[in-house]
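Residue numbers (the numbering used here), protein chains in the order written: chain A, 102 to 340; chain B, 11 to 654.
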């Protein structure tokens, strides 16, 4: 569903991502794990169109999206749950849902269905984004993403700063949404989250992929992932 | 009771005035809150509607409705044009955008005068409304009551759209986080265009309907812009109710206030604005919107502009190449400055007398421009208020000359001291704020000074200004400056000395401290630097320089009036600083020269088109010289590192 081919990206004079290849098939969760500064958020922003790639190709269901502005990427079926949630502080929960929901996209997601999945949001319908707790904001960011009718879902550190009950909920939802046929790209510094819900785990080090591991075997023995990650800390390259 | 009763009519008038301002100011606030555009052309949008409505009004209902449709459409289209013109500047921040809108307002104002003449235009309301009706024992114009109803309908409709519809939600979401709006599949650019179009339509409709209240004339755009800015600032951007309350309050000041206390009403508005901004600056600055940093949807500059810029860079590259062949880095740095000084010194021999006096005026304006550049580029506080110390210096000099103090050094010291004192008093209000709030506070201070000078007739001569005082003597006992060339020589010597001192200070550790504050203020605070005190010193220094500029202005012109120190001059000073590259002292002086050349010399060739030419200069500058003249010289993207 989502295919990245030799994608390079960066800010100003510096390159952050170096010729990255990545594939996320429909109906699977692909986790990208890496330490701070490895380029995880840059990767997500590049796929979402918030950052223009320097080179390479980004395809969703065969359609080339590299270089398109963010709103076109979103309409092509890429939804973003950003780091730090970034809900609209002055909009109510109901307005978030109305804003994101496009009848034309006509995916399987309606506000009713999303609220059934996240009952907490239904209770908070009339509250503004700024008044919600961290966990509620995370649910709202996810609901907002789903209502755009995505085929690819980008989750950027979705459990950061959340209470354990919400961490568990995010894991469940990631799996559930993959079963619905979405291609889920999850980015996190936490190997535990990746091991729990990913079908494939990629380790990102200083903007380069340093390991690719199948998810299922890691659930019984996460050691290879830990090794790959600790190798990073031993020898990070300077950028 | 009787006294209260007598104020009923102005009080109701105040409500009508306030509702008019609400409809206009809501659009201005919306454009700023959502698209991050401080739209200085907003008054011009109102004027477009007012002129269209007045031209089509013929005393019939058809005329009114036709005017309403045409005026609304015309201003809406102007709003879209504005949005298109602003699109390439999406990443450039508020300053460039504000300057561009001011330039377009100048052009628009000139075109309106061209089309409709320079006189106030009469408006013919429908005959049925052109009568007075009884209101609590008074006669009151029927049109104003109907206007109140129509303004309420407009305000209610706008509020409903903003708070109850998906489009309204998109607008508010864009104000919060344009990047995430894009990630939801909505183009923030489209939202910005829609907001500017809607703001234009509202201003246009208000212009048509409000033409009998604030009629179309050459000063309409400025009046409406200033009043709506005051409303937006007083009301804050967060709530429409706040804007409504502020609008009615301003309306009452303009009607009831003028009727009750005619001497105080003019000051009340800008004083209130300055107070509110100062109090709010600490806690919640005017909510600097995120619109400008919207990286995702901002396209690169379009082809033609980019090509022109490249051409300019190639051209200057050749000049740089020639300069690079000169040996020694010191010589290379100093050579252009030396050439400039020689050229400036040779002006009286090269040009005719009129041009020489223009050059002297440009040097005086250049000092204000440098003072604006010290504030904007070095201290990081973009200012529209350096005309205030400029005015203080100018009037001090004029009054001193009138009292017989004709020695130049004495006048300069008096002007500098008065301007420094003024800046020390107003400084605390300025240095606490950041970003666009500074623009607004300084604008309020400038306007307040301007109004005060026009009002204190016994001291300042009111709007007529001061004249007839003896000419300046360059030194004690010397002959008074008699002709243009001598005056120019005196002005040049003073300006060069003042600029040399400024350059020395900016290159000293004090300049480095300012650069530190501009670049990383929290870190400077954390390192124990009293940032507020440094900025205050910078403000006083910049004010002193502007005061010296004011003294020179009086020496050059031999008269001074409030028109010499108005909002337009403040905008020109800021533009000169931007033309120079915001941090370049020499660049700011050159910018001032370019502006005076455009406004007074070129406009002499094409009479009546000064504002148009200036507007074009504004537009060209923000599009073609993102880093000013300094950017052309260095080519590098680091204007912050170039103190000269």
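A virtual CB, placed ideally from N, CA and C, is assigned to each residue, including glycine.
Worksheet item: Could you check where the alpha helix (DSSP H) with residue 273 (chain A) kicks off and where it finishes?
Response: For this step, residue 273 (chain A) is matched to residue 172 along the first chain. Where residue 273 (chain A) is concerned, the enclosing alpha helix (DSSP H) stretches over 265-280.
Worksheet item: When DSSP labels each residue in this structure, what does residue 625 (chain B) get in the three-state scheme?
Response: For this step, residue 625 (chain B) is matched to residue 615 along the second chain. Residue state, collapsed to three classes: helix.
Worksheet item: What residues in the stretch 190-203 of chain B have a beta carbon less than 9 Å from any beta carbon of chain A?
Response: 190, 191, 192, 193, 194, 195, 196, 197, 198, 199 and 200
Worksheet item: Can you name, in chain order, every residue of its own chain whose Cβ lies under 8 Å from the Cβ of residue 70 (chain B), other than the five neighbours on each side?
Response: Position 60 of the second chain, counted from the start, is the residue given in the question as residue 70 (chain B). 136 and 137.
Worksheet item: Looking only at C-alpha atoms, which of A:247, A:238, A:240 and A:142 sits nearest to residue 283 (chain A)?
Response: Along the first chain, read from residue 1 onward, the residue named residue 283 (chain A) stands at position 182. Comparing Cα positions, the closest option is A:247.
Worksheet item: Along the chain, where does the beta strand (DSSP E) that runs through residue 148 (chain B) open and close?
Response: Walking along the second chain from the start, residue 148 (chain B) turns up at place 138. From DSSP, the beta strand (DSSP E) with residue 148 (chain B) extends over 148-151.
Worksheet item: In terms of residues, what are the limits of the alpha helix (DSSP H) holding residue 144 (chain B)?
Response: Mapped onto the second chain, residue 144 (chain B) falls at position 134. Where residue 144 (chain B) is concerned, there is no enclosing alpha helix (DSSP H), although the beta strand (DSSP E) it sits in stretches over 142-145.
Worksheet entry | Local conformation of residue 28 (chain B) per DSSP, three classes | For this step, residue 28 (chain B) is matched to residue 18 along the second chain. In this structure, residue 28 (chain B) counts as helix in the three-state DSSP scheme.
Item to complete: Give me whichever residues DSSP pairs with residue 22 (chain B) in a beta bridge.
Response: Your numbering for residue 22 (chain B) matches position 12 in the second chain. DSSP output for residue 22 (chain B) lists no bridge partner at all.
Discussion item. Quick check on residue 196 (chain A) - is its C-beta less than 7 Å from some C-beta in chain B?
Written reply: As a working note, residue 196 (chain A) is residue 95 in the first chain. True, the Cβ-Cβ gap to chain B drops below 7 Å.
Fill in: Residues near residue 680 (chain B) in its chain [Cβ-Cβ closer than 6 Å; skip 5 each side]
Residue 680 (chain B) lies beyond the residue range present for chain B, which begins at 11 and ends at 654; the question has no answer from this structure.
Discussion item. Relative to the C-alpha of residue 141 (chain A), which candidate in A:310, A:191, A:212 and A:179 has its C-alpha closest?
Written reply: Here residue 141 (chain A) corresponds to residue number 40 of the first chain, with the count starting at 1. Checking every option, the nearest Cα to that of residue 141 (chain A) belongs to A:310.
Worksheet item: Would you say residue 656 (chain B) reaches chain A, if we count a Cβ-Cβ gap shorter than 7 Å as a contact?
Response: No information on residue 656 (chain B) is available, as it lies outside the stretch 11 to 654 that chain B covers here.
Fill in: Cβ neighbours of residue 169 (chain A) in the same chain (closer than 6 Å, five flanking residues each side left out)
Walking along the first chain from the start, residue 169 (chain A) turns up at place 68. Result list for residue 169 (chain A): 150, in chain order.
Worksheet item: Whole-angstrom Cβ separation of residue 625 (chain B) and residue 116 (chain B), contact assumed at under 8 Å?
Response: As a first step, residue 625 (chain B) is located in the second chain; it is residue number 615 there, counting from the start. As a first step, residue 116 (chain B) is located in the second chain; it is residue number 106 there, counting from the start. Correct: roughly 3 Å between the Cβ atoms.
Discussion item. Judging by CA-CA distance, which residue of B:32, B:560, B:391 and B:179 is the nearest neighbour of residue 445 (chain B)?
Written reply: Here residue 445 (chain B) refers to the residue found at position 435 of the second chain. Nearest of B:32, B:560, B:391 and B:179 to residue 445 (chain B), Cα basis: B:391.
Worksheet item: Looking only at DSSP bridge pairs, what is residue 309 (chain A) linked to?
Response: As a position in the first chain, residue 309 (chain A) is number 208, starting the count at 1. Residue 309 (chain A) is bridged to A:306.
Worksheet entry | Sequence-distant residues of its chain with Cβ nearer than 6 Å to residue 344 (chain A) (five each side left out) | Since the displayed chain A opens at 102 and closes at 340, residue 344 (chain A) lies outside it and no answer follows.
Fill in: Whole-number beta carbon distance between residue 501 (chain B) and residue 374 (chain B), since they are thought to touch under 8 Å
In the second chain, the residue the question calls residue 374 (chain B) occupies position 364. In the second chain, the residue the question calls residue 501 (chain B) occupies position 491. Indeed, because the Cβ distance is near 7 Å, the residues count as touching under 8 Å.
Worksheet item: In chain E, which residues lie with their C-beta within 7 Å of the C-beta of residue 201 (chain A)?
Response: Structure shown: chain E not included; protein chains present are A and B.
Worksheet item: residue 386 (chain B) by DSSP, collapsed to three states: which one?
Response: Sequence index remark: in the second chain, residue 386 (chain B) carries index 376 (1-based). DSSP places residue 386 (chain B) in helix when its eight states are reduced to three.
Discussion item. Please report the straight-line C-alpha distance between residue 402 (chain B) and residue 552 (chain B), rounded to a whole angstrom.
Written reply: Against the second chain, residue 402 (chain B) aligns to sequence position 392. Against the second chain, residue 552 (chain B) aligns to sequence position 542. Taking the straight line joining both Cα atoms gives about 13 Å.
Item to complete: Assuming residue 267 (chain B) contacts residue 256 (chain B) (C-beta within less than 8 Å), just tell me the rounded distance between them.
Response: Taking the first residue of the second chain as 1, we reach residue 267 (chain B) at position 257. Taking the first residue of the second chain as 1, we reach residue 256 (chain B) at position 246. So it is not a contact: roughly 14 Å between Cβ atoms.
Item to complete: Thinking residue 288 (chain A) and residue 145 (chain A) are a contact (beta carbons under 8 Å), I'd like their distance in whole angstroms, please.
Response: Taking the first chain and counting its residues from 1, the one referred to as residue 288 (chain A) is at position 187. Taking the first chain and counting its residues from 1, the one referred to as residue 145 (chain A) is at position 44. So it is a contact: roughly 5 Å between Cβ atoms.
Practice prompt. Could you have a look at residue 157 (chain A) and say whether DSSP puts it in helix, strand or coil?
Written response: The residue you call residue 157 (chain A) lines up with position 56 of the first chain. The answer is strand: DSSP assigns residue 157 (chain A) an E or B state.
Worksheet entry | Which listed residue (A:214, A:218, A:196 and A:166) has its alpha carbon closest to that of residue 273 (chain A) | Position 172 of the first chain holds residue 273 (chain A). Closest option to residue 273 (chain A), Cα to Cα, is A:218.
Practice prompt. Return yes when the Cβ of residue 218 (chain B) is within less than 7 Å of the Cβ of residue 59 (chain B), no when it is not.
Written response: Translated into positions along the second chain, residue 59 (chain B) becomes position 49. Translated into positions along the second chain, residue 218 (chain B) becomes position 208. Cβ atoms of residue 59 (chain B) and residue 218 (chain B): closer than 7 Å.
Discussion item. Using only CA atoms, which one of B:284, B:130, B:216 and B:88 lies nearest to residue 5 (chain B)?
Written reply: This structure does not reach residue 5 (chain B), given that chain B is present from 11 up to 654, and the question cannot be answered.
Worksheet item: When the Cα of residue 290 (chain B) is compared with those of B:263, B:279 and B:247, which residue comes out closest?
Response: Your numbering for residue 290 (chain B) matches position 280 in the second chain. Considering only alpha carbons, the answer is B:247.
Practice prompt. Consult DSSP for residue 67 (chain B) and reduce its assignment to one of helix, strand or coil.
Written response: Position 57 of the second chain, counting from 1, holds the residue named residue 67 (chain B). Of the three classes helix, strand and coil, the one that applies to residue 67 (chain B) here is coil, per DSSP.
Discussion item. Taking its Cβ as the centre, do 16 or more other Cβ atoms sit within 10 Å of residue 328 (chain A), making it buried, or is it exposed?
Written reply: Along the first chain, one-based indexing puts residue 328 (chain A) at 227. Residue 328 (chain A) should be labelled exposed.
Item to complete: Helix, strand or coil for residue 131 (chain A), going by three-state DSSP, please let me know.
Response: Numbered from 1 along the first chain, position 30 holds the residue referred to as residue 131 (chain A). DSSP places residue 131 (chain A) in strand when its eight states are reduced to three.
Discussion item. Looking at the secondary structure, which residues open and close the beta strand (DSSP E) in which residue 119 (chain A) lies?
Written reply: Taking the first chain and counting its residues from 1, one reaches residue 119 (chain A) at position 18. Per DSSP, residue 119 (chain A) belongs to the beta strand (DSSP E) from 115-125.
Fill in: C-beta contact flag for residue 237 (chain B) and residue 52 (chain B) at 7 Å
Taking the first residue of the second chain as position 1, residue 237 (chain B) is located at position 227. Taking the first residue of the second chain as position 1, residue 52 (chain B) is located at position 42. Cβ atoms of residue 237 (chain B) and residue 52 (chain B): not closer than 7 Å.
Practice prompt. Measure the Cβ-Cβ separation of residue 199 (chain A) and residue 195 (chain B) and say whether it is below 7 Å.
Written response: Here residue 199 (chain A) is taken as the residue at index 98 of the first chain, counted from 1. Here residue 195 (chain B) is taken as the residue at index 185 of the second chain, counted from 1. It is not a contact, given that the beta carbons lie outside the stated cut-off.
Worksheet entry | Host alpha helix (DSSP H) of residue 353 (chain A) (start-end) | Outside the shown range of chain A, which is 102 to 340, sits residue 353 (chain A), and nothing can be said about it.
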